[in-house]
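Novice: With full-length UniProt numbering applied, the sequence shown covers 1 to 724.
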Amino acid sequence: MSVIRVALPVPLRQSFDYRLPVGIEVQVGCRVLVPFGKRELVGIVWQLQPADAFAEDALKSIVAVLDDSPVLSGQLCRLLSFAADYYHHPLGEVLISAIPALLREGKPLPGYQSLHYQLTQAGQAVTETDLQRAPKQLALWQQLRQGGLAADSITSEQRPALRALLQKQLVAAIEVPFSPYPAVTSTQAGLKLTTDQALAVSAIVQAQGRFQPFLLEGITGSGKTEVYLQSIAPLLAEGKQVLVLVPEIGLTPQTLARFADRFQVPVLSWHSGLTDTERLACWQQAATGSAAIVIGTRSALFLRFASLGLIVIDEEHDASLKQQDGFRYHARDLAVKRAALEQCTVVLGSATPSLESLYNALHKRFQLLTLSSRASGQQLPTLELVNLQQQAVQFGLADSSIQQIKHTLQQGFQVMLFLNRRGFAPALSCDECGWVADCQRCDASMTWHKQDRQLNCHHCGSSRPVPRQCGHCGSTRLVPLGQGTEQLEAQLQPMFPEVPVVRLDRDSTRRKGSLVEALQHITAGGPQLIVGTQMLAKGHHFPKVTLVVIVDVDGALFSSDFRAPEQLAQLITQVAGRAGRAQHAGKVLLQSRYPDHGILQDIIHNGYDSFARLALKERQQTLLPPYQYLALFRAESHQDDVPRQWLQQLVELAQTEAPKVQLLGPIRAPLERKAGKYRWQLHCYSASRAGLHQLLNQLIAASQGWPLTRKLRWQLDVDPVDLS
Numbered sequence: 001m002s003v004i005r006v007a008l009p010v011p012l013r014q015s016f017d018y019r020l021p022v023g024i025e026v027q028v029g030c031r032v033l034v035p036f037g038k039r040e041l042v043g044i045v046w047q048l049q050p051a052d053a054f055a056e057d058a059l060k061s062i063v064a065v066l067d068d069s070p071v072l073s074g075q076l077c078r079l080l081s082f083a084a085d086y087y088h089h090p091l092g093e094v095l096i097s098a099i100p101a102l103l104r105e106g107k108p109l110p111g112y113q114s115l116h117y118q119l120t121q122a123g124q125a126v127t128e129t130d131l132q133r134a135p136k137q138l139a140l141w142q143q144l145r146q147g148g149l150a151a152d153s154i155t156s157e158q159r160p161a162l163r164a165l166l167q168k169q170l171v172a173a174i175e176v177p178f179s180p181y182p183a184v185t186s187t188q189a190g191l192k193l194t195t196d197q198a199l200a201v202s203a204i205v206q207a208q209g210r211f212q213p214f215l216l217e218g219i220t221g222s223g224k225t226e227v228y229l230q231s232i233a234p235l236l237a238e239g240k241q242v243l244v245l246v247p248e249i250g251l252t253p254q255t256l257a258r259f260a261d262r263f264q265v266p267v268l269s270w271h272s273g274l275t276d277t278e279r280l281a282c283w284q285q286a287a288t289g290s291a292a293i294v295i296g297t298r299s300a301l302f303l304r305f306a307s308l309g310l311i312v313i314d315e316e317h318d319a320s321l322k323q324q325d326g327f328r329y330h331a332r333d334l335a336v337k338r339a340a341l342e343q344c345t346v347v348l349g350s351a352t353p354s355l356e357s358l359y360n361a362l363h364k365r366f367q368l369l370t371l372s373s374r375a376s377g378q379q380l381p382t383l384e385l386v387n388l389q390q391q392a393v394q395f396g397l398a399d400s401s402i403q404q405i406k407h408t409l410q411q412g413f414q415v416m417l418f419l420n421r422r423g424f425a426p427a428l429s430c431d432e433c434g435w436v437a438d439c440q441r442c443d444a445s446m447t448w449h450k451q452d453r454q455l456n457c458h459h460c461g462s463s464r465p466v467p468r469q470c471g472h473c474g475s476t477r478l479v480p481l482g483q484g485t486e487q488l489e490a491q492l493q494p495m496f497p498e499v500p501v502v503r504l505d506r507d508s509t510r511r512k513g514s515l516v517e518a519l520q521h522i523t524a525g526g527p528q529l530i531v532g533t534q535m536l537a538k539g540h541h542f543p544k545v546t547l548v549v550i551v552d553v554d555g556a557l558f559s560s561d562f563r564a565p566e567q568l569a570q571l572i573t574q575v576a577g578r579a580g581r582a583q584h585a586g587k588v589l590l591q592s593r594y595p596d597h598g599i600l601q602d603i604i605h606n607g608y609d610s611f612a613r614l615a616l617k618e619r620q621q622t623l624l625p626p627y628q629y630l631a632l633f634r635a636e637s638h639q640d641d642v643p644r645q646w647l648q649q650l651v652e653l654a655q656t657e658a659p660k661v662q663l664l665g666p667i668r669a670p671l672e673r674k675a676g677k678y679r680w681q682l683h684c685y686s687a688s689r690a691g692l693h694q695l696l697n698q699l700i701a702a703s704q705g706w707p708l709t710r711k712l713r714w715q716l717d718v719d720p721v722d723l724s
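(1) Kindly indicate the opening and closing residues of the alpha helix (DSSP H) around residue 189.
(2) Less than 6 Å between C-beta atoms, sequence neighbours within five positions excluded: which residues of the same chain meet that for residue 280?
(3) Can you round the beta-carbon distance between residue 668 and residue 680 to whole angstroms, since I take them to be within the 8 Å contact cut?
(4) Across the stretch 345–360 and the stretch 306–322, are there enough close Cβ pairs to call them in contact, namely three or more that are closer than 8 Å?
(5) Buried or exposed for residue 38, going by 16 or more other Cβ atoms inside 10 Å?
(6) Name, in chain order, the residues that DSSP records as bridge partners for residue 503.
(7) Whole angstroms are fine: how far does the CA of residue 305 sit from the CA of residue 182?
(8) With respect to the beta strand (DSSP E) encompassing residue 77, which residues constitute its N-terminal and C-terminal limits?
(9) Can you have a look at residue 494 and say buried or exposed, based on whether 16 or more other CB atoms are within 10 angstroms of its CB?
(10) Please name the residue, chosen from 525, 557, 556, 501, that lies closest to residue 531 on a Cα-to-Cα basis.
(11) Exposed or buried, residue 632, counting other C-beta atoms within 10 Å across all chains shown (16 or more means buried)?
(12) For residue 407, is the classification buried or exposed, using 16 other Cβ atoms within 10 angstroms of its Cβ as the cut-off for buried?
(13) Please classify residue 19: does DSSP put it in a helix, a strand, or coil?
(14) Spell out the partners DSSP gives residue 637 in its beta bridges.
(15) Comparing the CB of residue 650 with every heavy atom of the ligand NAP, is any distance shorter than 8 Å?
(16) By Cβ distance below 8 Å, which residues in the same chain neighbour residue 170 in space, the five residues on each side in sequence not counted?
(17) To the nearest angstrom, how far is the alpha carbon of residue 193 from that of residue 262?
(18) Which complete beta strand (DSSP E) runs does the stretch 145–171 hold, if anything under 3 residues is left out?
(19) From 275, 272, 257, 237, pick the residue whose C-alpha is nearest to that of residue 307; which is it?
(20) Mind checking whether residue 682 and residue 651 have CB atoms under 9 Å apart?
(21) Contact check, residue 402 vs residue 394 under 8 Å by CB: the rounded distance?
(22) What does the Cβ neighbour count give for residue 90, buried or exposed, with the cut at 16 atoms within 10 Å?
(23) Roughly how many angstroms separate the alpha carbons of residue 424 and residue 438, rounded to a whole number?
(24) Could you give the first and the last residue of the continuous beta strand (DSSP E) run that contains residue 283?
(25) Are the stretch 596–613 and the stretch 621–638 touching, with three or more C-beta to C-beta distances below 8 Å?
(26) Take residue 480 and list the residues in its own chain whose beta-carbon comes closer than 7 Å to its own, dropping the five residues that flank it on each side.
(27) Based on DSSP bridge pairs, tell me the residues matched to residue 175.
(28) Distance check for residue 580 and residue 587, CA to CA, integer angstroms please.
(29) Helix, strand or coil: which one does DSSP assign to residue 562?
(30) Of the choices 379, 666, 381, 397, whose alpha-carbon is the least far from that of residue 387?
(31) Take the Cβ of residue 230 as the centre, count every other Cβ of all protein chains shown within 10 Å, and call the residue buried at 16 or more, exposed below.
(32) Helix, strand or coil for residue 313? Go by DSSP, reduced to three states.
(33) Quick check on residue 105: buried or exposed, where buried means 16 or more other Cβ atoms within 10 Å of its Cβ?
(34) Taking the continuous alpha helix (DSSP H) assigned at residue 205, which residues delimit it?
(35) When we look at the beta-carbon of residue 453 and count the other beta-carbons within 10 Å, is it buried (16 or more) or exposed?
(36) List the endpoints of the continuous alpha helix (DSSP H) containing residue 407.
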């Protein structure tokens, strides 16, 4: 017998030793089924014959080896080991998160093959006349007659027709082995590049085949996607694979379509909207080299690739690339680490680069590529501040804003109204006594969703029906406080009865396919009013939008989060970039009660480029990231004083072990109570990354034995982007 060390998906910061029966072989990275307490768990083999293993007779034997070959490659194991150490998360949970859900459940790994449908001999003998009374079956039969169809290309509308053809034995299912895609010798011609674009493509292509990080800083509409496309073409000729990370599911369909139109190669998507079976098929095709390009959200970073040649992170500044619960990794930073391990090129693209990436570029860790003009030659939209204190306001819109909206619609163009609050109103209040419908589990008001007839808490997810009367005085005079996208949509419809109003937010796009339908409707043209939240700001191309109204820019001006000015500047610049992207000039109205605020004035007159470099100087003077490293402990409990006491113990230990690490706390979280638990924080700042991580290891190890640790929940967030 021999001993193997297995990483298990449990919240314990250790791996476990098991006996491997005689005659059974296994490799690092394979899945095994092992006994763990009264359960059986799927784990990942992490080490063979560890030198410090327990005696064999004291160990349990594994139940089964689930794989003949590793599901995690050597490069992936090194990346995940680094991530577990850097983010101080249990290794077993990190490893298991990198494989598809079906494999985590212990399901056998199917052969590396995909399911296809093709016509049988009987199906080939059928004529159109035989199927004319079943038009959907006829349409699918005509498509199959031109060649087989992969199972994952069958749409939900086609499935009933497919079942009917299978029952008639006109169609048969066959398994086709996955194999590396054939190298592409010719592709559809790209667009004519500007000088800046051509220089960027040349630099990226020359660096291919070695590790080189690039920051592609291009203003909105400057053609960053075209740079990606033309940089990818030489790699496809070599049979290499490409990973493109996007921050939101909403960007995946349009990006997928653009890449698929350009290249005649398998282009796959990876995101949470796929079924477990679809995700496993994508994982297999990437692992075998059958997929040439994978476009996905942050977890696509952990896909196994046969021959990875380029990683692209689009909208690299976006906070969605940071996982906010559980394994709190940042996909942008780990993508750079993976590129170093794979010895491939990585491109970070954004019109509003994060200050961390800009810092790395200015300090020559990344090579900076700049696109300073729009690819169409069109000028950037003009920005105009609208003072809400000096004119009448209707439904949150100033009179001057309403007049410009009317004028734009009369000219046949589209108007986008941005409001980063979904629902009908942020709160429901009594008009007589001032009572507000608060969440019973959080220190926050409940958002009124009029369409659903519900009060919803956007923090803990709880909901309840809208009350008929005040919870304090019994009055029935309940009125909305503030404005959300649902209310703005309802108010715009009677104001502009002849113009369609399209709302894009998380509530209006819950149904599968609804976002794609809405985007297609918008790009079809015609005068429209487009209302939405941050979903509108992320890389969409609406050629008919010439006016953008940011309904309220004041929310982030007085935030306690040091990142708030950066996030506000990025949001304004990204939203403004949706205007005037075609041949018509664009304009952006920023409604504010504080139009003389320094941040707004800087963005209006100098742009994001100037703001970001000034913000970096301020961060340097105040010793904030990226000039210092930050880690954040969060602790929560049903008892208010328990988290504070636990964090205070961390403070006392840290002051003894690492006096050079600066500590802020314990302090209450900005949202003091969430889901019924009181929340406290401890911020740890250090000029030395190694020194900070050494301290974090010491604090975690020491806290495991404290009695208070069993009375609360705690999390550690390394390099946090959200301090709430």
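Each residue gets a CB set at the ideal place from its N, CA and C atoms; glycine is no exception.
Specialist: According to the structure shown:
(1) Neither: residue 189 is in no alpha helix (DSSP H) and is coded neither H nor E.
(2) 100, 102
(3) 6 Å
(4) yes
(5) exposed
(6) 531
(7) 16 Å
(8) Counting along the chain, residue 77 falls outside any beta strand (DSSP E), though it belongs to the alpha helix (DSSP H) covering 74–86.
(9) exposed
(10) 501
(11) buried
(12) exposed
(13) strand
(14) 678
(15) Of ligands this structure carries none, so the ligand NAP is not represented either.
(16) 119, 120, 122, 123, 126, 141
(17) 15 Å
(18) none
(19) 237
(20) yes
(21) 7 Å
(22) buried
(23) 16 Å
(24) Looking at the DSSP string, residue 283 is not in any beta strand (DSSP E); the run it does join, the alpha helix (DSSP H), is 276–288.
(25) no
(26) 424, 425, 428, 448, 487
(27) 115
(28) 7 Å
(29) coil
(30) 397
(31) buried
(32) strand
(33) exposed
(34) 195–207
(35) exposed
(36) 399–410
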